[in-house]
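A.B. asks:
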Amino acid sequence: MKMPLLHLLKLTMLSALIAHLGIHALYLAPNNPATPQYMSFVDTYMGTFFTQNWHLFAPEPATASLQLSYRCDSLQAWKFPLSDMLEAHKSLPVTAKGKQSYVLQHLAREIFNSKILKKTDAAMDELHILQRYLQDQCGEQAAAEVRIQRVFTQDYSKRFSNTEVRTETFTFGIKQESFAWN
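If you're matching positions, the sequence shown starts at 52 in my numbering and goes up one per residue.
#1: Smallest Cα separation from Leu78: which of Leu126, Met90, Tyr184?
#2: To the nearest angstrom, report how far apart Ile199 and Thr222 are at their CA atoms.
#3: Three-state secondary structure (DSSP) at Ser66?
#4: When the Cα atoms are used, what is the spatial distance from Ile225 to Ala67?
#5: How would you label Tyr153, buried or exposed, when you count the other beta carbons within 10 angstroms and need 16 or more for buried?
#6: Give the secondary structure of Leu56 by DSSP, where H, G and I count as helix, E and B as strand, and everything else as coil.
#7: List the whole-angstrom C-beta distance separating His157 from Lys148, where the pair is believed to meet the contact cut-off of C-beta under 8 Å.
#8: For Ile162, count neighbouring C-beta atoms within 10 Å of its own C-beta (all shown protein chains included) and say buried if the count is 16 or more, exposed if not.
#9: Label Leu62 either buried or exposed according to how many other C-beta atoms from any shown protein chain fall within 10 Å of its C-beta, with 16 as the threshold for buried.
#10: Excluding sequence positions up to five away, which residues of its chain have a Cβ less than 7 Å from the Cβ of Thr99?
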């Protein structure tokens, strides 16, 4: 009588371990079109028992990069604030330009990932922060247009010059207190 109970206990523990490892793999997987179907369950499970943000260790794979650009008027050329900040940081590394670039990179990454997950604009706190940044750059009454582009390439050093790369681009407009995705 004890032997079947022991086998049942072993089978139950093995099943629980396999289910846990499967959920953990889905939690760590990059965003993809199927993510919205399972992510609420996976987030609830992982958030209840294991509250850590693994994006800290690998926010972007080495084969992809984000490029944030904006223009204050549709007739203007696109401006690339990250490029300007990084050039200023390289010329004089003791300034805060390097740390400021982290903020813009984080905003671009979070807004891009939220767009993939099809979150509503109200659920994205990062849009309000980006709006304040653009008001400083364009003036309060200006309507800004923003473009966030993810570039996928095999050679990271050629990510913005290689024409044979795959890109995903989200463009949207920002006015005072409203957002309009294109």
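Cβ atoms here follow ideal geometry from the backbone N, Cα and C, with glycine treated the same way.
C.D. replies: A quick look at the data gives this:
#1: As a working note, residue 78 is residue 27 in the sequence shown. According to the sequence provided, residue 78 is Tyr. The question's Leu does not apply to it. Cα-wise, what sits closest to Tyr78 is Met90.
#2: For the purposes of this step, residue 199 is taken as the residue at position 148 of the sequence shown. For the purposes of this step, residue 222 is taken as the residue at position 171 of the sequence shown. Taking the straight line joining both Cα atoms gives about 6 Å.
#3: By 1-based counting over the sequence shown, the position of residue 66 is 15. Collapsing the DSSP output to three states places Ser66 in a helix.
#4: Sequence index remark: in the sequence shown, residue 225 carries index 174 (1-based). Sequence index remark: in the sequence shown, residue 67 carries index 16 (1-based). Straight-line spacing of the CA atoms in Ile225 and Ala67 works out to 47 Å.
#5: As a position in the sequence shown, residue 153 is number 102, starting the count at 1. Counting Cβ neighbours within 10 Å, Tyr153 comes out exposed, since fewer than 16 surround it.
#6: Position 5 of the sequence shown, counted from the first residue, corresponds to residue 56. Looking at Leu56 - three-state DSSP - the assignment turns out to be helix.
#7: To locate residue 157, count along the sequence shown from 1; it is residue 106. To locate residue 148, count along the sequence shown from 1; it is residue 97. The pair is not a contact, with the Cβ atoms about 15 Å apart (cut-off 8 Å).
#8: The residue labelled residue 162 in the question sits at position 111 within the sequence shown. Residue burial is scored here from C-beta neighbours: Ile162 has at least 16 other C-beta atoms within 10 angstroms and is therefore classed as buried.
#9: The residue labelled residue 62 in the question sits at position 11 within the sequence shown. The residue is exposed, with fewer than 16 neighbouring Cβ atoms inside 10 Å.
#10: The count along the sequence shown starts at 1 and reaches residue 99 at position 48. Excluding residues within five positions, none has a Cβ falling inside 7 Å.
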